[in-house]
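To start, the structure under review is shown below, and the notes come after it.
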Amino acid sequence: MRALEKALDVLDFLMERGSAGVTEISNELRLNKNNVFRILITLEEHRLVEKEEETDKYRLSTACVVLGYGFIHKHPLTKLSIPVLKSLRFRLGESINLAMLDEKQRFIIYVASEETIKPVKVKTRLGRRYRINTPISSAKAIKRALKGETGFV
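Plus 140 on top of the position in the sequence shown (first one is 1) and you've got my numbering.
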């Protein structure tokens with residue numbers, strides 16, 4: 141299982157950095173350079189990462205997008221929330237977003253959105269992550285809920 145943990149650490153690192161080379165990943169994660177190389181080759185074989193030929197750096201591939209959308213569209217919370225989001229959008233006339241807390245309670249992730257029909261609107265990108273201490277309404281609401289508080293932000 142340790143090998144899987146290392147591979148997931150590499151994926152997390154690439155998600156945060158965008159792209160990185162073997163040496164950079166090795167140094168930042170304090171992993172053996174050969175192990176990092178083998179992990180990247182395996183992830184590349186499974187189409188989760190791709191190598192940028194011009195820079196020799198690795199980045200997440202489009203297969204990660206497919207995995208993310210699979211999560212968003214199949215997650216029970218997302219499925220159950222769509223009718224509620226639509227109803228709120230209709231009643232309030234504003235865009236309504238659903239964000240959930242990640243398992244380590246460090247990030248919120250937008251998983252569903254119903255946009256207003258008004259000409260001026262804020263676009264929410266599904267899958268977008270924000271640190272829990274980011275001063276945005278979804279993060280504030282989730283932090284208050286974690287403390288047991290209720291009401292609007």
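We put the CB at the ideal spot given by N, CA and C, even for glycine. What you are looking at is a predicted structure, and each value in this text was computed from that prediction instead of being measured.
#### Entry: Ranges of the beta strand (DSSP E) found wholly within the segment 253 to 287, counting only runs of at least 3
You should have 269 to 271.
### Task
Look at residue 201 and residue 190 and say whether their C-beta atoms are less than 8 angstroms apart.
Looking up residue 201 in the sequence shown gives position 61. Looking up residue 190 in the sequence shown gives position 50. Cβ atoms of residue 201 and residue 190: closer than 8 angstroms.
### Message
I'd like to know whether the C-beta atoms of residue 245 and residue 222 end up nearer to each other than 8 angstroms.
### Response
Numbered from 1 along the sequence shown, position 105 holds the residue referred to as residue 245. Numbered from 1 along the sequence shown, position 82 holds the residue referred to as residue 222. In this structure, residue 245 sits away from residue 222, with a CB-CB distance that is not shorter than 8 angstroms.
### Message
Tell me the DSSP secondary structure of residue 244 in three-state form.
### Response
Within the sequence shown, residue 244 is the residue found at index 104, counting from 1. DSSP places residue 244 in coil when its eight states are reduced to three.
### First through last residue of the beta strand (DSSP E) which encompasses residue 199
Locating residue 199 in the sequence shown gives position 59, where the first residue counts as 1. Per DSSP, residue 199 belongs to the beta strand (DSSP E) from 197 to 200.
### Task
Give every residue of the same chain whose Cβ lies closer than 6 angstroms to the Cβ of residue 293, excluding the five residues on either side of it in the sequence, and list them in chain order.
Stepping through the sequence shown from its first residue, residue 293 is reached at position 153. Only weak support is given to the placement of residue 293: the predicted model assigns it a pLDDT of 48, under 50, and the question is left unresolved by the model.
### Query
When the Cα of residue 184 is compared with those of 198, 242 and 175, which residue comes out closest?
Here the question's residue 184 lines up with position 44 in the sequence shown. For residue 184, the nearest C-alpha among the options comes from 198.
### Query
Which parts of the segment 154 to 207 are runs of the beta strand (DSSP E), unbroken and 3 residues or longer, counting only runs that do not cross its ends?
Fully enclosed beta strand (DSSP E) runs of 3 or longer: 189 to 192 and 197 to 200.
### Any 3 or more C-beta pairs closer than 8 angstroms across the segment 163 to 179 and the segment 234 to 243
No: fewer than three Cβ pairs fall under 8 angstroms.
### Task
Work out the CA separation of residue 154 and residue 162 for me, nearest whole Å.
If you number the sequence shown from 1, residue 162 lands on position 22. If you number the sequence shown from 1, residue 154 lands on position 14. Their backbone Cα atoms lie some 11 angstroms apart in a straight line.
### Message
In the DSSP output, what is residue 238 paired with across the bridge?
### Response
Counting from 1 along the sequence shown, the entry for residue 238 is found at position 98. In the DSSP output, where bridge partners are listed per residue, residue 238 has 252.
### Message
For residue 181, tell me which candidate among 158, 204, 147 and 214 has the shortest Cα-Cα distance.
### Response
Walking along the sequence shown from the start, residue 181 turns up at place 41. Ranking the options by Cα distance to residue 181, first place goes to 147.
### Query
When DSSP labels each residue in this structure, what does residue 289 get in the three-state scheme?
Within the sequence shown, residue 289 is the residue found at index 149, counting from 1. It is coil, neither helix nor strand.
### Task
Determine the DSSP secondary structure at residue 233, reduced to helix, strand or coil.
Here residue 233 is taken as the residue at index 93 of the sequence shown, counted from 1. Annotated three-state conformation of residue 233 is coil, per DSSP.
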